[in-house]
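K.L.:
Structure in structure tokens, see below.
Protein chains: 2
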Amino acid sequence: MRWSNILIPTLKEDPADTETTGHKLMIRAGLIRKLASGIYSYLPLGFRALKKAEAIVREEMDKVDAQELLLPALQPVELWHKSGRYNDLGEDMIKFIDRHKKEMVLGPTHEEVITELVRNEVHSYKQLPLILYQIQTKFRDELRPRFGVIRSREFIMKDAYSFDRDVESLQISYKKMFDTYCRIFDRCGLKYVIVEADPGIMGGDVSHEFMVLAESGEDMIVKCSGCLWASSLDKAECADKQTNKKNDKESLLPLKEIDTPNIKTIEKLSKLLNVESKGMLKTIIYRSEDGFVAALVRGDFQINELKLSRAIGSLHLKLATDKEIEDLTGAPLGFSGPVGLKNAKIIADFSVRDMRNFIAGANKTDRHLINVNITRDFSVDTFSDIRFITESDTCPKCKASITLKHAIEVGHVFKLGIKYSNRLGAVFLDADGKTKPMVMGCYGIGINRIIAAIIEQSNDKEGIVWPMSLAPVLVYTIVLDPKDKISMKFASGLDDRLRDNKLDSLLDDRQISAGIKFKDADLIGAPIRITVNKDALKKGRVEIKQRRERVSKIVSKDRIFSLILKSCTST
Amino acid sequence: MRWSNILIPTLKEDPADTETTGHKLMIRAGLIRKLASGIYSYLPLGFRALKKAEAIVREEMDKVDAQELLLPALQPVELWHKSGRYNDLGEDMIKFIDRHKKEMVLGPTHEEVITELVRNEVHSYKQLPLILYQIQTKFRDELRPRFGVIRSREFIMKDAYSFDRDVESLQISYKKMFDTYCRIFDRCGLKYVIVEADPGIMGGDVSHEFMVLAESGEDMIVKCSGCLWASSLDKAECADKQTNKKNDKESLLPLKEIDTPNIKTIEKLSKLLNVESKGMLKTIIYRSEDGFVAALVRGDFQINELKLSRAIGSLHLKLATDKEIEDLTGAPLGFSGPVGLKNAKIIADFSVRDMRNFIAGANKTDRHLINVNITRDFSVDTFSDIRFITESDTCPKCKASITLKHAIEVGHVFKLGIKYSNRLGAVFLDADGKTKPMVMGCYGIGINRIIAAIIEQSNDKEGIVWPMSLAPVLVYTIVLDPKDKISMKFASGLDDRLRDNKLDSLLDDRQISAGIKFKDADLIGAPIRITVNKDALKKGRVEIKQRRERVSKIVSKDRIFSLILKSCTST
Numbered sequence: 052m053r054w055s056n057i058l059i060p061t062l063k064e065d066p067a068d069t070e071t072t073g074h075k076l077m078i079r080a081g082l083i084r085k086l087a088s089g090i091y092s093y094l095p096l097g098f099r100a101l102k103k104a105e106a107i108v109r110e111e112m113d114k115v116d117a118q119e120l121l122l123p124a125l126q127p128v129e130l131w132h133k134s135g136r137y138n139d140l141g142e143d144m145i146k147f148i149d150r151h152k153k154e155m156v157l158g159p160t161h162e163e164v165i166t167e168l169v170r171n172e173v174h175s176y177k178q179l180p181l182i183l184y185q186i187q188t189k190f191r192d193e194l195r196p197r198f199g200v201i202r203s204r205e206f207i208m209k210d211a212y213s214f215d216r217d218v219e220s221l222q223i224s225y226k227k228m229f230d231t232y233c234r235i236f237d238r239c240g241l242k243y244v245i246v247e248a249d250p251g252i253m254g255g256d257v258s259h260e261f262m263v264l265a266e267s268g269e270d271m272i273v274k275c276s277g278c279l280w281a282s283s284l285d286k287a288e289c290a291d292k293q294t295n296k297k298n299d300k301e302s303l304l305p306l307k308e309i310d311t312p313n314i315k316t317i318e319k320l321s322k323l324l325n326v327e328s329k330g331m332l333k334t335i336i337y338r339s340e341d342g343f344v345a346a347l348v349r350g351d352f353q354i355n356e357l358k359l360s361r362a363i364g365s366l367h368l369k370l371a372t373d374k375e376i377e378d379l380t381g382a383p384l385g386f387s388g389p390v391g392l393k394n395a396k397i398i399a400d401f402s403v404r405d406m407r408n409f410i411a412g413a414n415k416t417d418r419h420l421i422n423v424n425i426t427r428d429f430s431v432d433t434f435s436d437i438r439f440i441t442e443s444d445t446c447p448k449c450k451a452s453i454t455l456k457h458a459i460e461v462g463h464v465f466k467l468g469i470k471y472s473n474r475l476g477a478v479f480l481d482a483d484g485k486t487k488p489m490v491m492g493c494y495g496i497g498i499n500r501i502i503a504a505i506i507e508q509s510n511d512k513e514g515i516v517w518p519m520s521l522a523p524v525l526v527y528t529i530v531l532d533p534k535d536k537i538s539m540k541f542a543s544g545l546d547d548r549l550r551d552n553k554l555d556s557l558l559d560d561r562q563i564s565a566g567i568k569f570k571d572a573d574l575i576g577a578p579i580r581i582t583v584n585k586d587a588l589k590k591g592r593v594e595i596k597q598r599r600e601r602v603s604k605i606v607s608k609d610r611i612f613s614l615i616l617k618s619c620t621s622t
Numbered sequence: 052m053r054w055s056n057i058l059i060p061t062l063k064e065d066p067a068d069t070e071t072t073g074h075k076l077m078i079r080a081g082l083i084r085k086l087a088s089g090i091y092s093y094l095p096l097g098f099r100a101l102k103k104a105e106a107i108v109r110e111e112m113d114k115v116d117a118q119e120l121l122l123p124a125l126q127p128v129e130l131w132h133k134s135g136r137y138n139d140l141g142e143d144m145i146k147f148i149d150r151h152k153k154e155m156v157l158g159p160t161h162e163e164v165i166t167e168l169v170r171n172e173v174h175s176y177k178q179l180p181l182i183l184y185q186i187q188t189k190f191r192d193e194l195r196p197r198f199g200v201i202r203s204r205e206f207i208m209k210d211a212y213s214f215d216r217d218v219e220s221l222q223i224s225y226k227k228m229f230d231t232y233c234r235i236f237d238r239c240g241l242k243y244v245i246v247e248a249d250p251g252i253m254g255g256d257v258s259h260e261f262m263v264l265a266e267s268g269e270d271m272i273v274k275c276s277g278c279l280w281a282s283s284l285d286k287a288e289c290a291d292k293q294t295n296k297k298n299d300k301e302s303l304l305p306l307k308e309i310d311t312p313n314i315k316t317i318e319k320l321s322k323l324l325n326v327e328s329k330g331m332l333k334t335i336i337y338r339s340e341d342g343f344v345a346a347l348v349r350g351d352f353q354i355n356e357l358k359l360s361r362a363i364g365s366l367h368l369k370l371a372t373d374k375e376i377e378d379l380t381g382a383p384l385g386f387s388g389p390v391g392l393k394n395a396k397i398i399a400d401f402s403v404r405d406m407r408n409f410i411a412g413a414n415k416t417d418r419h420l421i422n423v424n425i426t427r428d429f430s431v432d433t434f435s436d437i438r439f440i441t442e443s444d445t446c447p448k449c450k451a452s453i454t455l456k457h458a459i460e461v462g463h464v465f466k467l468g469i470k471y472s473n474r475l476g477a478v479f480l481d482a483d484g485k486t487k488p489m490v491m492g493c494y495g496i497g498i499n500r501i502i503a504a505i506i507e508q509s510n511d512k513e514g515i516v517w518p519m520s521l522a523p524v525l526v527y528t529i530v531l532d533p534k535d536k537i538s539m540k541f542a543s544g545l546d547d548r549l550r551d552n553k554l555d556s557l558l559d560d561r562q563i564s565a566g567i568k569f570k571d572a573d574l575i576g577a578p579i580r581i582t583v584n585k586d587a588l589k590k591g592r593v594e595i596k597q598r599r600e601r602v603s604k605i606v607s608k609d610r611i612f613s614l615i616l617k618s619c620t621s622t
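Chain order of the listed sequences is A and B.
Under this note's numbering, the residue at position 52 of the first sequence is numbered 103, and the numbers go up by one with no gaps.
Under this note's numbering, the residue at position 416 of the second sequence is numbered 467, and the numbers go up by one with no gaps.
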């Protein structure tokens, strides 16, 4: 392929409105262009990288006999009402009214549609287990699209769904997909961590995320320094379930109310009283389906609403409004506390259990209490793990130190169980003659994110450093003087031969300075660069350079093809 | 691939709500399933056929250095206002309001988006010519989705766009695409006709449709029996531009008004007066941007509104309402005529020119005129070709007889010219230092329609008869007794070997009657069927049968693989 026939609009400068290295490089190397907020076009090079990622995904899925199909993006809203997820998706789900006045949905995911399909077509245990997948465009109206194609409103997902007779069989399908995901991401050259994760609105009990470590990642994961434990920040269990007996000895001081005019945050209170935030109680009022909940956590910690929702079994937990707080506590936001609080369930994080003589809101305007103590001053209905882990915590498995890292989620696998098959009626007749709901799993990979993540991980100050497996161009040939017929004949011959061997080749035949060509070669990041110099070629020599190495080699022109082949297969 | 691992829900009976043979077979063979009106899921076999069609399209496009990319389905509405097509698409275009209250469009086609992209990235004649394409899902909210995936609301299109310096260069790109389309449809095994077509809302002057002849086709084409001329019915020029002088001799009879109580149609009038419809004038009142238009055509012909719109240069021609007709003519619908008609432009089809002493509406309730004659009784503002051709016409090129045929449109190529580049500002600096608009072409193929059309053309009463190039299964192996280990071992070995050689193989390992397996094999329509019979296998024999042939052959099991290879490459 010659540069003159293809659209590769490289940019010298970093474009505006780009946040991460990967996003900048994808624009600069001419892989993508923004059409509107969170909506991108893939230009020829970007498209090729996408196709390579897709091909790897497809090959590995097919190896384990997963069946590819294609489901519609347009979905009838009724399925979402049946599954009960219409409200869960909220404004993220794009809806429209069709010309016959029916509400339709643009699929953000396909659990509903696949379950409906399988419900109609699969009726016997003989047809199970079944793994179906598709590589298809999804739509989500993200509140804040960002980081280029990482969080966009239209993206390509490989979504797979497994259907099994029972939980044991699901475990086999889940393991199959889990291992397949490892092979896929390994082949893509990604450095990733597998973490336990919260299933969120997908439902089910068990899920794992495949996280690519990257400074720019918008997700946070927790890793143990001592053992293999890793978790998403949302899901990470805190190690302080056991009480620390040593605090038992501290004597309880008398409860006292103090003046804290306009001091509504832990930070300000800490400054005013010169007390560390861990000596204070944070009280947050929520509203659940069953009434108000006061969630208590140590002042230096943050409440994890996912954990809190699970702890109290609430599906639609919301922060109480300012008005609700005033009505409930008798004081405005910022002065809530558990002492004397009525008509609210009190749930405290384990971190609160060992606190003695602490500071809390007094439920009066501009007033706090000091020397508050559990049992003596108020009762806790339930203790639970309802906070985010921090680097001051230890590993819940082995007590070693832990670190928090930014990451990009590229894959997510879920054991869904019977949530969808129950709600949508996907049942089968088992060998024992009984009708049972199918046991489901679902498995997603963000195809665009594979590309974005590899660029985020694999680059230098000159540009992208593609792994062989995903590189849109494997061999980038620079002809220093495209007017020299001998140079062009040699380069074209090489280009043809590479293409005949299904090796992606780009011949830079532009009549511009060599400097620009070398810069573009590095920016585009092809693993192998060939330079054809008129004078060297006369002596039978050309230059070859690996993108990952600093130095180039001068080699015989007759050996160049076999050298390229060797490089392509060895990396 | 074993049947037990894949989802192929074949049906014995024709499903309800299916209109054509192809639609019925696609459902019965388990290729597709309907999710909602005009919305289909592709099951594994249907998906494989789609992928094969896509691969052929991609290979042929790549051969001529067209560049594949991927544009978003979500499009900002502003581009459609700029191009002026927002209203043209009307309710066919799906629109929604996003969470930030902006109107968005679900792309029914991508002229706007690609022109915007190229406008931003291409600035010099050195970057031209350029052919860009994608294979992508389009959305159109069809008023009447039908014929399965032929007219659906979500479909896969290969859409290509060419950008050239001038009209001469566009001609080269157009020819390149035209020839590529021929190769694509040839490889797909389709029997097709290329016709001149009306560009419709795409704009431009020249367009050709690739039409697959099929009884169930919703489009009509016209073919000459004598020369190569073929046209879409919409576009087909009528041969009667020249007057037929012989009628000149007929003497003009006196104009007379007659009573025709409640006779509002040509048909009823013909019966009442015992006069052939070709002796009557049909007068249809339209409303254009410039006022009313009375369109006249011979009673046995139909007005072609596309031709009429072009003839009078109207973009938004509409039938006049009953009220408008009464106000204009003084009589209700059914009694309009040109005599004495005021405040309307009178445009007559060439077929009217030679009429003598004909019958027309009197512009009075329940009254018609007989012995009407042009010039003596009324004046025509313009004569033009404004009707549909019929089989009573002759070829406009060679005067031979013509036939009308039903067909399915699978491809359409357009010379767009500068319509979009002008409106969206896609200009370039030419070698002469002048800024010029790019000259565009666009080229579409309905990928789903390739599949639907081949099935419509290639089937028998047992099921689909796939061509090798698109068959989702090439070799269908029936194991008569799957409990026999020797049979299964042989069949699995063959299946593995075929798959290793990238030949799609399906092993029917079901524990059901042989009859069902043979029926499914014919229904699914794999080009080659292998039958493994336990007793024959012991003697070293298996059966091979071509789907297209009636008889099977018994051959040595050791020769089976080479025989299959030979069949696959020779067909």
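Virtual Cβ for every residue (Gly too), placed ideally from N, Cα, C.
Where do the N-terminal and C-terminal ends of the beta strand (DSSP E) with Asp210/A fall, by residue?
P.N.:
As a first step, residue 210/A must be located in the first sequence, where it is residue number 159. Here the beta strand (DSSP E) through Asp210/A covers 205 to 215.
K.L.:
How about Ile575/B and Val526/B: are their beta carbons less than 8 Å apart?
P.N.:
Stepping through the second sequence from its first residue, residue 575/B is reached at position 524. Stepping through the second sequence from its first residue, residue 526/B is reached at position 475. Not closer than 8 Å, so no.
K.L.:
So Ser402/B and Val348/B are in contact, right, with Cβ under 8 Å, and what is the actual spacing, rounded?
P.N.:
For this step, residue 402/B is matched to residue 351 along the second sequence. For this step, residue 348/B is matched to residue 297 along the second sequence. Rounded, the Cβ-Cβ distance is 6 Å, consistent with contact.
K.L.:
Beta-carbon separation of Tyr232/B and Ile165/B under 8 Å?
P.N.:
The sequence position of residue 232/B within the second sequence is 181, counting from 1. The sequence position of residue 165/B within the second sequence is 114, counting from 1. Cβ distance not < 8 Å, so Tyr232/B and Ile165/B don't count as in contact.
K.L.:
Report the option in Arg79/B, Arg474/B, Thr188/B whose CA atom is closest to the CA atom of Gly254/B.
P.N.:
Locating residue 254/B in the second sequence gives position 203, counting from the first residue. It is Arg474/B.
K.L.:
Put Asp625/B into one of helix, strand or coil per three-state DSSP.
P.N.:
Here chain B comprises residues numbered 52 to 622, so residue 625/B is not present and cannot be evaluated.
K.L.:
Which first and last residues belong to the alpha helix (DSSP H) in which Met635/A is found?
P.N.:
Examination of residue 635/A is not possible in this model, given that chain A is present from 52 through 622 alone.
K.L.:
Is it buried or exposed, Cys446/B, if we count other Cβ atoms within 10 angstroms and call 16 or more buried?
P.N.:
The residue given as residue 446/B occupies position 395 in the second sequence. By the Cβ-count criterion, Cys446/B is buried, with 16 or more other Cβ atoms from all chains shown falling within 10 Å of its own Cβ.
K.L.:
Counting C-beta neighbours from all protein chains within 10 Å, is the total for Pro123/A 16 or more, i.e. buried, or is it exposed?
P.N.:
For the purposes of this step, residue 123/A is taken as the residue at position 72 of the first sequence. Classification for Pro123/A: buried.
K.L.:
Alpha carbons only, please: which of His132/B, Lys133/B, His74/B, Ser175/B is nearest the one belonging to Ala482/B?
P.N.:
Walking along the second sequence from the start, residue 482/B turns up at place 431. For the residues His132/B, Lys133/B, His74/B, Ser175/B, the minimum Cα distance to Ala482/B belongs to Ser175/B.
K.L.:
Taking the alpha-carbon positions, what's the Ile272/B to Ile506/A distance?
P.N.:
Along the second sequence, one-based indexing puts residue 272/B at 221. Along the first sequence, one-based indexing puts residue 506/A at 455. Taking the straight line joining both Cα atoms gives about 52 Å.
K.L.:
Output the distance between the C-alpha atoms of Glu70/B and Gly514/B, rounded to the nearest integer angstrom.
P.N.:
Within the second sequence, residue 70/B is the residue found at index 19, counting from 1. Within the second sequence, residue 514/B is the residue found at index 463, counting from 1. Roughly 16 Å separates the two Cα atoms.
K.L.:
Along chain A, in chain order, which residues have C-beta atoms closer than 8 Å to that of Gln118/B?
P.N.:
Locating residue 118/B in the second sequence gives position 67, where the first residue counts as 1. The contacting residues are Asn56, Ile57, Leu58, Pro95.
K.L.:
When you compare the CB of Leu554/B with every CB in chain A, is at least one pair closer than 8 Å?
P.N.:
Within the second sequence, numbered from 1, the residue matching residue 554/B stands at position 503. No - not a single Cβ of chain A is within 8 Å of the one on Leu554/B.
K.L.:
Cutting at 6 Å between CB atoms, please list the residues of its own chain near Lys568/B, excluding the five before and the five after it.
P.N.:
For the purposes of this step, residue 568/B is taken as the residue at position 517 of the second sequence. These residues qualify, in order along the chain: Ile529, Asp559.
K.L.:
What residues in its chain sit with their C-beta under 7 Å from that of Arg170/A, if we drop five residues either side in the sequence?
P.N.:
Against the first sequence, residue 170/A aligns to sequence position 119. Answer for Arg170/A: Leu475, Gly476, Ala477, listed in chain order.
K.L.:
Any beta carbon from chain B within less than 8 Å of Lys396/A's own beta carbon?
P.N.:
Along the first sequence, one-based indexing puts residue 396/A at 345. So, not an interface residue.
K.L.:
Which stretch, first to last residue, makes up the beta strand (DSSP E) that contains Pro127/A?
P.N.:
Here residue 127/A refers to the residue found at position 76 of the first sequence. Looking at the DSSP string, the run of the beta strand (DSSP E) that includes Pro127/A is 125 to 127.
K.L.:
Between the region 562 to 588 of chain B and chain A, which residues of the former have a C-beta closer than 9 Å to a C-beta of the latter?
P.N.:
Gln562
K.L.:
Given a limit of 7 Å on CB to CB distance, which residues of the region 71 to 100 of chain B reach chain A?
P.N.:
Of all residues in the region 71 to 100 of chain B, Arg84, Leu86, Ala87, Ile90, Tyr91, Ser92, Tyr93, Leu94, Pro95, Phe98 have a Cβ within less than 7 Å of some Cβ in chain A.
K.L.:
State yes or no: is the beta carbon of Pro123/B nearer than 8 Å to at least one beta carbon in chain A?
P.N.:
Taking the first residue of the second sequence as 1, we reach residue 123/B at position 72. Yes - at least one Cβ of chain A is within 8 Å of the one on Pro123/B.
K.L.:
Would a check of beta-carbon distances place Ile145/A closer than 8 Å to chain B?
P.N.:
Taking the first residue of the first sequence as position 1, residue 145/A is located at position 94. At least one chain B Cβ lies under 8 Å of Ile145/A.
K.L.:
Taking Ile611/A as the reference, give the member of Ala504/A, Asp341/A, Ile579/A, Arg599/A with the closest Cα.
P.N.:
For this step, residue 611/A is matched to residue 560 along the first sequence. Per the Cα distances, Ile579/A.
K.L.:
Would you kindly work out how many angstroms separate the C-alpha atoms of Ala345/A and Asp291/A, rounded to a whole number?
P.N.:
Locating residue 345/A in the first sequence gives position 294, where the first residue counts as 1. Locating residue 291/A in the first sequence gives position 240, where the first residue counts as 1. Rounded to the nearest angstrom, the two C-alpha atoms are 20 Å apart.
K.L.:
In its own chain, which residues sit with a C-beta less than 6 Å from the C-beta of Lys608/B, not counting the 5 before and 5 after it?
P.N.:
On the second sequence, residue 608/B is found 557 positions in, with the first residue counted as 1. Closer than 6 Å at the Cβ level, and outside the excluded window around Lys608/B, lie Gly591, Val593.
K.L.:
Could you check where the alpha helix (DSSP H) with Leu558/B kicks off and where it finishes?
P.N.:
Translated into the one-based positions of the second sequence, residue 558/B becomes position 507. Unbroken run through Leu558/B is the beta strand (DSSP E), 556 to 559; no alpha helix (DSSP H).
K.L.:
Using only CA atoms, which one of Gly81/A, Ile57/A, Ile90/A, Ala100/A lies nearest to Ala504/A?
P.N.:
For the purposes of this step, residue 504/A is identified with residue 453 of the first sequence, where counting begins at 1. Nearest option by C-alpha distance: Ala100/A.
K.L.:
Across which residues does DSSP place Asp400/B in a beta bridge pair?
P.N.:
Here residue 400/B corresponds to residue number 349 of the second sequence, with the count starting at 1. Paired residue(s): Ser435/B.
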